[in-house]
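Going down the list, the protein sequences come from chains A and E.
Here the numbering used here is used: the first residue of the first sequence is 1, the next is one more, and so on.
Here the numbering used here is used: the first residue of the second sequence is 366, the next is one more, and so on.
Even for Gly, the Cβ is constructed at its ideal location relative to N, Cα and C.
In this text, all values refer to a predicted model and were calculated from it rather than measured experimentally.
Below is one structure, written out as structure tokens, with a few remarks after it.
Number of protein chains: 2
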Amino acid sequence: MGKPRPSAPTISEVAAAAGVGRATAARTLGGYGYVSAEMRDRVLAAADELGYRTNQLARSVSTGVSHTIGVVVADISNPFFGGVALGISEVASARGFDALVLSTAEHLDEEISAVNVLVDKRVDGIILSSAACAADSTAHLQLPNEQGIPLVLLDRLIPGLDLDAVVIDNRAAARHATSELIRAGHTRIGFIWGPPVAGRIEYRRELVEAARRNLWSDGERLAGYLDALDDAALPLDLDHVMLGEKTEARAYEAVTRMVALDAAPTAFFCTETDALTGTLHALRDAGLSIPQQVSIIGFDDSSWAAVMNPPLTMVRQPMLELGRQAAELLLSRIDAAGEASHAVQRELSAEFVERASVAPAPDER
Amino acid sequence: MGKPRPSAPTISEVAAAAGVGRATAARTLGGYGYVSAEMRDRVLAAADELGYRTNQLARSVSTGVSHTIGVVVADISNPFFGGVALGISEVASARGFDALVLSTAEHLDEEISAVNVLVDKRVDGIILSSAACAADSTAHLQLPNEQGIPLVLLDRLIPGLDLDAVVIDNRAAARHATSELIRAGHTRIGFIWGPPVAGRIEYRRELVEAARRNLWSDGERLAGYLDALDDAALPLDLDHVMLGEKTEARAYEAVTRMVALDAAPTAFFCTETDALTGTLHALRDAGLSIPQQVSIIGFDDSSWAAVMNPPLTMVRQPMLELGRQAAELLLSRIDAAGEASHAVQRELSAEFVERASVAPAPDER
DNA sequence: CTGTTAGCGCATTCAC
DNA sequence: GTGAATGCGCTAACAG
Numbered sequence: 001m002g003k004p005r006p007s008a009p010t011i012s013e014v015a016a017a018a019g020v021g022r023a024t025a026a027r028t029l030g031g032y033g034y035v036s037a038e039m040r041d042r043v044l045a046a047a048d049e050l051g052y053r054t055n056q057l058a059r060s061v062s063t064g065v066s067h068t069i070g071v072v073v074a075d076i077s078n079p080f081f082g083g084v085a086l087g088i089s090e091v092a093s094a095r096g097f098d099a100l101v102l103s104t105a106e107h108l109d110e111e112i113s114a115v116n117v118l119v120d121k122r123v124d125g126i127i128l129s130s131a132a133c134a135a136d137s138t139a140h141l142q143l144p145n146e147q148g149i150p151l152v153l154l155d156r157l158i159p160g161l162d163l164d165a166v167v168i169d170n171r172a173a174a175r176h177a178t179s180e181l182i183r184a185g186h187t188r189i190g191f192i193w194g195p196p197v198a199g200r201i202e203y204r205r206e207l208v209e210a211a212r213r214n215l216w217s218d219g220e221r222l223a224g225y226l227d228a229l230d231d232a233a234l235p236l237d238l239d240h241v242m243l244g245e246k247t248e249a250r251a252y253e254a255v256t257r258m259v260a261l262d263a264a265p266t267a268f269f270c271t272e273t274d275a276l277t278g279t280l281h282a283l284r285d286a287g288l289s290i291p292q293q294v295s296i297i298g299f300d301d302s303s304w305a306a307v308m309n310p311p312l313t314m315v316r317q318p319m320l321e322l323g324r325q326a327a328e329l330l331l332s333r334i335d336a337a338g339e340a341s342h343a344v345q346r347e348l349s350a351e352f353v354e355r356a357s358v359a360p361a362p363d364e365r
Numbered sequence: 366m367g368k369p370r371p372s373a374p375t376i377s378e379v380a381a382a383a384g385v386g387r388a389t390a391a392r393t394l395g396g397y398g399y400v401s402a403e404m405r406d407r408v409l410a411a412a413d414e415l416g417y418r419t420n421q422l423a424r425s426v427s428t429g430v431s432h433t434i435g436v437v438v439a440d441i442s443n444p445f446f447g448g449v450a451l452g453i454s455e456v457a458s459a460r461g462f463d464a465l466v467l468s469t470a471e472h473l474d475e476e477i478s479a480v481n482v483l484v485d486k487r488v489d490g491i492i493l494s495s496a497a498c499a500a501d502s503t504a505h506l507q508l509p510n511e512q513g514i515p516l517v518l519l520d521r522l523i524p525g526l527d528l529d530a531v532v533i534d535n536r537a538a539a540r541h542a543t544s545e546l547i548r549a550g551h552t553r554i555g556f557i558w559g560p561p562v563a564g565r566i567e568y569r570r571e572l573v574e575a576a577r578r579n580l581w582s583d584g585e586r587l588a589g590y591l592d593a594l595d596d597a598a599l600p601l602d603l604d605h606v607m608l609g610e611k612t613e614a615r616a617y618e619a620v621t622r623m624v625a626l627d628a629a630p631t632a633f634f635c636t637e638t639d640a641l642t643g644t645l646h647a648l649r650d651a652g653l654s655i656p657q658q659v660s661i662i663g664f665d666d667s668s669w670a671a672v673m674n675p676p677l678t679m680v681r682q683p684m685l686e687l688g689r690q691a692a693e694l695l696l697s698r699i700d701a702a703g704e705a706s707h708a709v710q711r712e713l714s715a716e717f718v719e720r721a722s723v724a725p726a727p728d729e730r
């Protein structure tokens with residue numbers, strides 16, 4: 001037993017010091033059961049005399065409740081997940097729960113080990129934003145439930161699975177944004193941040209297929225873009241959708257390539273912050289001005305977007321609310337403790353923030 | 366004993382199923398002590414037959430080690446702390462530790478209760494960015510050490526206390542940024558994000574005093590600004606430093622007021638993102654162009670800064686590295702387990718990222 | 001109301 | 001090598 005700690009007084013020591021039985025000390029210190037006022041005072045006095053602090057770990061193994069929830073996201077430094085994490089901890093801590101947060105860098109194997117760690121640490125529940133897409137490779141998402149630990153999916157659904165989830169209506173948001181561009185007269189709209197496929201894609205069907213094999217949220221945004229095109233009976237130009245690795249640098253390249261096309265897009269819809277900054281960079285280097293020559297709409301509003309020149313029209317996601325609702329749902333599951341009931345899926349809607357980066361399409365050149 | 370869990374097999378059950386003693390099962394499952402190959406195989410087989418998972422909580426109460434560290438910051442949704450948190454979890458998880466992260470909203474009472482929670486949950490160490498400034502109100506920072514739990518301060522020092530810490534050289538960074546403005550010919554430089562004092566301030570001494578009663582990092586940045594002014598023998602104009610609540614809205618008001626002055630600043634140094642966006646807003650509404658009419662330097666570089674018009678010159682803080690080093694220091698303390706040795710204070714330096722928002726001061730009007 | 005006693009799941013000492 | 005026995009700090013029946 002390696003116990004290097006300076007000692008940390010136990011309940012027994014407090015009981016001894018107060019001259020009462022362990023149970024009495026345990027009751028007053030644990031705040032349960034009956035105990036007379038004077039006994040309590042003696043115990044309390046002895047307790048803070050010795051500097052007693054409850055060992056929650058020991059309590060947890062005894063009660064089976066850790067008052068800790070697990071949160072697994074791709075990247076806690078991403079403002080989106082940061083906002084979500086804050087929302088979660090707000091409601092969790094108000095109810096006496098703390099969050100163990102793990103980042104997976106979007107790697108499935110890290111996600112799997114994160115879930116294992118959380119289960120082993122006996123968290124009372126898990127909120128997880130999965131990188132898994134296909135319904136295969138999702139065995140780790142079953143594990144918690146098998147162990148009686150509620151799990152709620154965050155921001156990304158897994159099509160085949162019937163699990164609790166709280167997400168954003170990405171598809172509707174993307175459809176709306178794209179249609180706003182169309183309404184302004186644009187017919188050639190670049191979609192930045194496509195599915196990360198390697199080769200070239202020839203048919204729409206392949207595109208949809210590729211999207212479906214990736215992050216749910218990304219796929220939904222692409223679907224919304226396609227919806228809007230269909231609504232307006234506009235053709236899909238595969239040269240106008242970015243494919244490949246999702247980095248700012250690749251977005252830059254993609255946009256640079258697109259603006260050199262004969263049928264260059266006159267507007268861009270960027271589905272993530274890095275996609276947007278890459279696009280902005282490319283547009284500047286190409287000498288194109290916003291919104292006179294090209295219109296633009298981004299995703300993930302930030303205080304920066306409002307101070308740009310021009311202020312950028314954005315799709316704002318309710319990150320805090322997403323976190324809060326996920327936490328509330330999870331806590332209600334924890335309260336219900338195993339009572340079966342089918343999966344709940346909540347969908348929050350994103351807000352369209354209109355500013356000044358969308359203008360009527362320029363005349364055809 | 367409320368144990369609603371579907372059962373979770375224990376080491377004893379595995380031992381029984383494998384037909385060996387508990388200890389043998391414990392040894393192979395715990396990976397310690399001697400055990401013959403065939404016994405091990407039997408145990409392992411029984412283990413995954415039953416779906417055995419180690420109860421780390423129970424192990425922790427037994428060993429006194431939880432393999433969990435606590436991280437307490439003001440706001441996990443702030444990209445700065447998000448970056449720090451990522452850095453921490455990178456090195457922590459590589460060593461088998463997970464992070465319990467708590468946000469305090471810069472409230473001292475929440476910070477205190479956060480520390481208590483962490484101590485009670487028996488984390489192996491704590492990394493904390495404190496809102497405490499004066500050396501009073503810091504009793505909670507002693508608690509962990511008394512309990513044998515290492516604590517390392519992050520980003521903010523507490524002047525009176527001799528604790529481990531990893532910080533940024535805010536003063537030097539601010540001094541450098543300000544001096545760059547001076548070098549460009551500016552003599553009236555606005556400092557946005559001052560100490561949050563209520564009334565009016567008449568003397569430099571009061572200003573320094575007010576800063577000292579607040580966040581260490583903020584005070585250092587102000588000190589660096591003052592240093593640069595002194596270096597150049599420039600007078601301090603108290604009307605050029607923002608006082609009051611630190612919000613984007615107040616920054617907007619402060620800048621709006623400053624640009625209306627007879628002796629209006631021709632440059633601004635903004636020490637935080639919200640201060641910067643507030644300033645940018647105010648400048649735009651005042652019809653002032655950057656950098657022709659006013660130069661500007663911000664703190665906390667972001668990918669947005671590079672795509673602004675003009676690209677903004679910024680002070681970039683090594684957030685990830687700050688987190689990594691704090692975690693490394695903490696883990697080394699955990700390894701050392703109580704061996705006394707005096708406090709280590711590491712100081713990382715911020716990087717000055719020169720872009721295009723600083724230009725020579727316009728001619729005096 | 002109080003104290004005795006028996007767990008919780010795992011680690012660890014010590015005879016066999 | 002192996003397994004019985006004891007302990008970690010706390011909760012929780014159960015008598016008194």
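| query | result |
| --- | --- |
| Taking the alpha helix (DSSP H) that E:VAL456 falls in, what are its first and last residues? | 444–459 |
| Counting only beta-carbon separations shorter than 7 Å, does A:ARG122 have a partner in chain E? | yes |
| Output needed for A:VAL241: all residues of its chain with C-beta closer than 6 Å, excluding positions within five of it in sequence on either side, in chain order. | PHE191 and GLY194 |
| If we cut at 7 Å on Cβ distances, does E:ILE441 have a partner in chain A? | yes |
| Which residue comes first and which comes last in the beta strand (DSSP E) that contains E:LEU473? | Per DSSP, E:LEU473 belongs to no beta strand (DSSP E); it is in the alpha helix (DSSP H), 473–485. |
| Can you pull out the residues from the segment 53–75 of chain A whose beta carbon lies closer than 8 Å to at least one beta carbon of chain E? | ARG53, THR54, ASN55, GLN56, LEU57, ALA58, SER60, VAL61, SER62, THR63, GLY64, VAL65, SER66, THR68 and ASP75 |
| Can you list the beta strand (DSSP E) stretches of 3 or more residues lying completely in the segment 538–573 of chain E, in chain order? | 554–557 |
| Check whether the segment 313–328 of chain A and the segment 378–387 of chain E touch, using three or more Cβ-Cβ pairs below 8 Å as the test. | no |
| Taking only runs that begin and end inside the segment 270–300 of chain A, name each unbroken beta strand (DSSP E) of 3 or more residues, in chain order. | 295–299 |
| Counting only C-beta atoms, is A:TRP304 closer than 7 Å to chain E at any point? | yes |
| DSSP three-state call for A:ARG333: helix, strand or coil? | helix |
| Tell me which same chain residues have a C-beta within less than 6 Å of the C-beta of E:LYS368, skipping the five on either side of it? | With a pLDDT of 36 at E:LYS368, under the threshold of 50, the modelled position of that residue is not reliable, and the figure given next carries that caveat. Cβ within range, chain order: n/a, list empty. |
| Relative to the C-alpha of E:ASP463, which residue among A:VAL115, A:ALA264 and A:ASN145 is closest? | A:VAL115 |
| In chain A, what lies closer than 8 Å to E:HIS646 by C-beta? | ALA306 and VAL307 |
| Compute the Euclidean distance between the alpha carbons of E:ARG720 and E:VAL624, then round it to the nearest angstrom. | 23 Å |
| Could you spell out the range, first to last residue, of the beta strand (DSSP E) harbouring A:VAL315? | 313–316 |
| My understanding is that E:GLU748 touches E:GLY643, with C-beta atoms under 8 Å, so please give their C-beta distance in whole angstroms. | For chain E, the structure presents residues 366 to 730; residue 748 of chain E sits outside this window and is missing. |
| With 7 Å set as the bound, which would you pick, yes or no: does the beta-carbon of E:GLU716 sit closer than that to a beta-carbon of chain A? | no |
| So which of A:GLU321, A:ILE76 and A:LEU280 has the shortest CA-CA distance to E:ALA670? | A:LEU280 |
| Would you report the Cα separation of A:SER137 and A:ARG250, rounded to the nearest angstrom? | 28 Å |
| Could you check where the alpha helix (DSSP H) with A:LEU143 kicks off and where it finishes? | 143–146 |
| Smallest Cα separation from A:ILE296: which of A:ALA184, A:LEU320 and A:HIS342? | A:ALA184 |
| Can you tell me where the alpha helix (DSSP H) holding A:VAL123 begins and where it ends? | Run containing A:VAL123: none; DSSP gives neither H nor E here. |
| Whole angstroms are fine: how far does the CA of E:LEU653 sit from the CA of E:ILE554? | 15 Å |
| Does DSSP put E:PHE717 in a helix, in a strand, or in coil? | strand |
| Considering only DSSP beta bridges, list what A:GLN345 is partnered with. | A:ALA165 |
| Could you check what DSSP says for E:VAL672 in three-state terms: helix, strand or coil? | helix |
| Using only the alpha-carbon positions, how far apart do A:PRO383 and A:ARG257 sit? | Any answer about residue 383 of chain A is impossible in this case: the structure gives chain A only from 1 up to 365. |
| So A:GLY323 packs on A:GLY51, CB below 8 Å; how close in whole Å? | Actually they are not in contact, since the Cβ atoms of A:GLY323 and A:GLY51 sit about 36 Å apart, beyond 8 Å. |
| Under a Cβ-count criterion, where at least 16 other Cβ atoms within 10 Å of its own Cβ denotes burial, should A:ASP230 be classed as buried or exposed? | exposed |
| Leaving out five residues before and five after A:LEU118 in sequence, what residues of the same chain have Cβ atoms less than 7 Å from its Cβ? | GLY70, LEU100 and ILE126 |
| Please classify A:ASP300 as buried or exposed, where buried requires at least 16 neighbouring CB atoms within 10 angstroms. | buried |
| Which class does E:ALA464 belong to by DSSP, given the choice of helix, strand or coil? | strand |
| Is A:ALA85 close to chain E? Criterion is C-beta to C-beta, closer than 7 Å. | yes |
| Which class does A:VAL358 belong to by DSSP, given the choice of helix, strand or coil? | coil |
| Smallest Cα separation from E:ARG405: which of E:ALA383, E:ARG418, E:ILE523 and E:ALA423? | E:ALA383 |
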